[in-house]
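A short worksheet on the structure shown next.
Protein chains in written order, with our numbering: chain E, 150 to 262; chain L, 25 to 139.
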C-alpha cells in the first residue's frame, strides 16, 4: 500500500523568507501523481501544486515550486517570499491513476510578521 | 471558477441519529468522492463513486455509511446511526476524469459534531 510521510509536524518562518516542507512516499509503481494541498483555518482543501511522476521537470506555480526526486521518493515543497496568507496546514498527497488520494499527516506552517 | 458546494457547513447531531451530508459537485464532473478529517489528523479516503455506483471504498466505510446521487446533481453521504467517533470534517470532491490533468476540486467541508 502507498504511504505518504511528512516528518515536520510544525514549521515557523518570518515573512519574506523561503521555507521548504518535506514529503516522502512509498510505492512500487512507476506512474503516479503527487500533490501539495493547503488547508487554511477555514479548513477548505486548496490545491497548491501537482507533479506527474513521468515528468522530470519540477513543477512551479508562482512562489511555489517542488523538488521531485523520484529515485529517493521525495517530493518537497518550496515557498519563496513567504506571505502571512501562506499560514496553513500543508498536506502532501499521492495518487495513482484512478485511485484515491493518500495524504500525509500534514505540516502546520506559520508565517510570522 | 466552478465550485463544489457542501451543506450544511456545520451539523450537530445526537449519537445514534441518522445524518445526511449534502454535496453539489461541479456540473460536468463524473467522479465523486468523500473524505473525512478527524480534528488534528490527516485526511482519509472514504469512498469514490462513478457511473452511479461505488468504485472504491475504505475500511472506514462500513455498513453505517452509504452514498447516493439521487437527482443527477446532488451527491449525499448518509451515516445511519452516528457514533461519537464520527465527529470530523467531511469533504466532498469531484473530478472530470481520473488523471492528474483533471485534479480534484474539494468542497469547503461539513463539520459534523456528534454529541
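The beta-carbon is built from N, C-alpha and C at its ideal position, and this holds for glycine as well.
Mind checking residue i: buried by the 16 CB within 10 Å criterion, or exposed?
| i | result |
| --- | --- |
| residue 175 of chain E | exposed |
| residue 124 of chain L | Only weak support exists for where residue 124 of chain L lies, its pLDDT of 49 falling under 50; the value from the coordinates is given anyway. When all chains shown are included, residue 124 of chain L counts as buried. |
| residue 264 of chain E | The structure shown does not extend to residue 264 of chain E, since chain E spans only 150 to 262, so no value can be given for it. |
| residue 228 of chain E | buried |
| residue 249 of chain E | buried |
| residue 244 of chain E | buried |
| residue 36 of chain L | exposed |
| residue 65 of chain L | exposed |
| residue 119 of chain L | buried |
| residue 139 of chain L | exposed |
| residue 253 of chain E | buried |
| residue 255 of chain E | buried |
Can you tell which of the options has the C-alpha that lies nearest to the C-alpha of residue i?
| i | options | result |
| --- | --- | --- |
| residue 137 of chain L | L/129, L/112, L/121 | L/112 |
| residue 251 of chain E | L/60, L/38, L/30, L/48 | L/60 |
| residue 184 of chain E | E/236, E/220, E/234, E/197 | E/197 |
| residue 26 of chain L | L/66, L/83, L/41, L/49 | L/49 |
| residue 203 of chain E | E/193, E/194, E/222 | E/222 |
| residue 32 of chain L | L/43, L/119, L/92 | L/43 |
| residue 107 of chain L | L/66, L/40, L/70, L/53 | L/40 |
| residue 104 of chain L | L/92, L/88, L/115 | L/88 |
| residue 115 of chain L | L/52, L/57, L/51 | L/57 |
| residue 201 of chain E | E/161, E/180, E/151, E/169 | E/180 |
How many whole angstroms separate the CB atoms of residue i and residue j, which I take to be in contact at a CB cut-off of 8 Å?
| i | j | result |
| --- | --- | --- |
| residue 158 of chain E | residue 257 of chain E | 7 Å |
| residue 117 of chain L | residue 131 of chain L | 7 Å |
| residue 46 of chain L | residue 100 of chain L | 5 Å |
| residue 79 of chain L | residue 73 of chain L | 7 Å |
| residue 163 of chain E | residue 261 of chain E | 5 Å |
| residue 241 of chain E | residue 217 of chain E | Actually they are not in contact, since the Cβ atoms of residue 241 of chain E and residue 217 of chain E sit about 11 Å apart, beyond 8 Å. |
| residue 236 of chain E | residue 209 of chain E | About 21 Å separates the two Cβ atoms, so there is no contact after all. |
| residue 171 of chain E | residue 155 of chain E | 7 Å |
| residue 91 of chain L | residue 71 of chain L | 6 Å |
| residue 167 of chain E | residue 214 of chain E | Not a contact, Cβ separation roughly 10 Å. |
| residue 195 of chain E | residue 186 of chain E | 6 Å |
I'd like to know if residue i contacts chain L, where contact means its C-beta is closer than 8 Å to some C-beta of that chain.
| i | result |
| --- | --- |
| residue 250 of chain E | yes |
| residue 255 of chain E | yes |
| residue 240 of chain E | yes |
| residue 168 of chain E | no |
Any Cβ of chain E within less than 8 Å of the Cβ of residue i?
| i | result |
| --- | --- |
| residue 128 of chain L | yes |
| residue 118 of chain L | no |
| residue 124 of chain L | Residue placement at residue 124 of chain L is poorly supported in this model, since its pLDDT is 49, which falls under 50; the coordinates are not used for a value here. |
| residue 133 of chain L | yes |
| residue 56 of chain L | no |
Listed in chain order, which residues of the segment 184 to 199 of chain E have Cβ atoms closer than 9 Å to some Cβ of chain L? 184, 186, 188, 191, 192, 193, 194, 195, 196, 199
Name, going along the chain, the residues of the segment 68 to 94 of chain L whose beta-carbon falls closer than 8 Å to a beta-carbon of chain E. 68, 69, 72, 79, 80, 82
Members of the segment 96 to 113 of chain L near chain E, C-beta cut-off 7 Å: 113
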